[in-house]
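Novice:
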Amino acid sequence: GQQLNQSPQSMFIQEGEDVSMNCTSSSIFNTWLWYKQDPGEGPVLLIALYKAGELTSNGRLTAQFGITRKDSFLNISASIPSDVGIYFCAGQLRGTYKYIFGTGTRLKVLA
Amino acid sequence: DTAVSQTPKYLVTQMGNDKSIKCEQNLGHDTMYWYKQDSKKFLKIMFSYNNKELIINETVPNRFSPKSPDKAHLNLHINSLELGDSAVYFCASSPHGSSGSRTGSYNEQFFGPGTRLTVL
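From first to last, the protein sequence lines are chains A and B. Per the numbering used here, residue 3 is the first one in the first sequence, and the count goes up by one each step. Per the numbering used here, residue 115 is the first one in the second sequence, and the count goes up by one each step.
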C-alpha cells in the first residue's frame with residue numbers, strides 16, 4: 003500500500019526545544035492533515051491545510067502545505083512533556099476521498 | 115458529545131471465529147472509513163463509504179465485509195479470523211459530499227477511539 007515518507011522516524015528532545023518533522027511524496031495532494039496519537043487512543047486532528055503554500059498555526063504548532071503540493075512540514079515550538087506521542091501526516095489524493103498516511107514520527111520529550 | 119464512536123474497544127477471539135465491529139458518527143458527515151493499524155503503527159485504509167455507497171475498497175481479503183446501513187453507521191464484519199488480523203481497527207469520518215474534489219474543511223477527517231482485535 004501507499005505510504006508517505008515521514009521523517010524523522012523518532013526523536014528525543016529536551017523540554018523547551020523546538021521540533022520539526024516533514025512528509026514527502028511523489029503524489030500530489032489537495033489536502034494535508036496532521037494528527038497526534040496517544041497510546042491506546044485514536045489519532046486526533048491537529049492542523050488541516052488546504053492550499054499550496056498555506057501556513058497555518060494552532061497554538062505552538064505550525065504547519066505548511068508545500069508549494070509543489072507533494073510535501074508538508076509540522077513545527078512544534080517550546081515542547082512540553084505532554085507533546086509526547088506519535089505524529090502522523092496524511093495527504094488526500096487530489097480528486098479522491100483517499101488519504102495516504104505517513105509512517106509516523108515518535109516524539110519523546112525529556113523533562 | 116459529537117464524535118466518532120466504535121464498539122467494542124477490545125475484542126479477543128479464537129482463530130476461525132466471525133466477529134463484527136460497529137462504528138457510528140453523529141457529526142453529520144457523508145463519508146466514513148475503516149483503517150487498520152499494525153504493530154508498527156502504520157495506518158492503512160481498508161474501505162470507504164460515501165452516503166452508503168462503497169467508494170474505496172483496497173486490497174483486503176474478502177473475509178472482511180463492510181456494511182453501511184445509513185450514512186451515520188459503518189460496520190466491519192470479519193469472517194474466519196486469522197492470527198494476522200490482530201491489529202487496531204479505526205473508523206473515521208469526513209464531511210465529503212458527492213465529489214472528492216471539494217476543498218476546505220470538507221476534507222477534514224476524524225477518527226474513532228479504535229478497536230483492538232486480538233486473534234488467539
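Just so you know, even glycine gets a beta-carbon here, dropped at the ideal spot from N, CA and C.
Quick one, are the C-beta atoms of A:Gln-39 and A:Thr-105 less than 8 Å apart?
Specialist: Cβ distance not < 8 Å, so A:Gln-39 and A:Thr-105 don't count as in contact.
Novice: Check whether the segment 25-32 of chain A touches the segment 90-98 of chain A, counting contact only when three or more Cβ pairs, one atom from each stretch, lie closer than 8 Å.
Specialist: Output reads yes: the segment 90-98 of chain A touches the segment 25-32 of chain A.
Novice: Name the residue from A:Thr-58, A:Ile-102, A:Ile-88, A:Phe-103 whose alpha carbon lies nearest to the alpha carbon of A:Glu-43.
Specialist: Nearest C-alpha to A:Glu-43: A:Ile-88.
Novice: Can a CB atom of chain A be found closer than 8 Å to the CB of B:Thr-145?
Specialist: Interface residue, yes.
Novice: Would you kindly work out how many angstroms separate the C-alpha atoms of B:Cys-205 and B:Asp-132, rounded to a whole number?
Specialist: Cα-Cα distance, rounded: 19 Å.
Novice: Considering Cα atoms alone, identify which of B:Phe-224, B:Leu-197, B:Met-146 is closest to B:Gln-128.
Specialist: The shortest Cα separation from B:Gln-128 among B:Phe-224, B:Leu-197, B:Met-146 belongs to B:Leu-197.
Novice: What did DSSP end up calling B:Pro-175 once you bin it into helix, strand or coil?
Specialist: Three-state result, B:Pro-175: coil.
Novice: What is the DSSP secondary structure of A:Asp-85, counted as helix, strand or coil?
Specialist: Note: A:Asp-85 maps to helix in three-state DSSP.
Novice: Beta strand (DSSP E) containing A:Asp-40: first to last residue?
Specialist: Note, A:Asp-40: premise wrong, no beta strand (DSSP E); not H, not E.
Novice: Quick check on the DSSP output: what are the complete beta strand (DSSP E) runs of length 3 or more inside the segment 39-64 of chain A, in order along the chain?
Specialist: Counting only runs of 3 or more, we get 46-51, 57-60.
Novice: Classify B:Asp-84 as helix, strand or coil using the three-state DSSP reduction.
Specialist: Residue 84 of chain B falls outside the range modelled here, since chain B spans only 115 to 234, and no answer is possible.
Novice: Using a beta-carbon distance cut-off of less than 7 Å, what residues from the segment 150-165 of chain B approach chain A?
Specialist: Of all residues in the segment 150-165 of chain B, Lys-155, Phe-156, Leu-157, Lys-158, Ile-159, Ser-162, Asn-164 have a Cβ within less than 7 Å of some Cβ in chain A.
Novice: Among the candidates B:Gln-223, B:Ser-153, B:Glu-138, whose CA atom is the shortest distance from the CA of A:Leu-48?
Specialist: When only C-alpha atoms are compared, the closest one is B:Gln-223.
Novice: By alpha-carbon positions, which one of B:Ser-134, B:Gln-120, B:Ser-119 ends up nearest to B:Asn-193?
Specialist: When each option's Cα is compared against that of B:Asn-193, the closest is B:Ser-134.
Novice: Go ahead and label B:Thr-229 buried or exposed: buried means 16 or more other beta carbons lie within 10 angstroms of its beta carbon, across all protein chains shown.
Specialist: Classification for B:Thr-229: buried.
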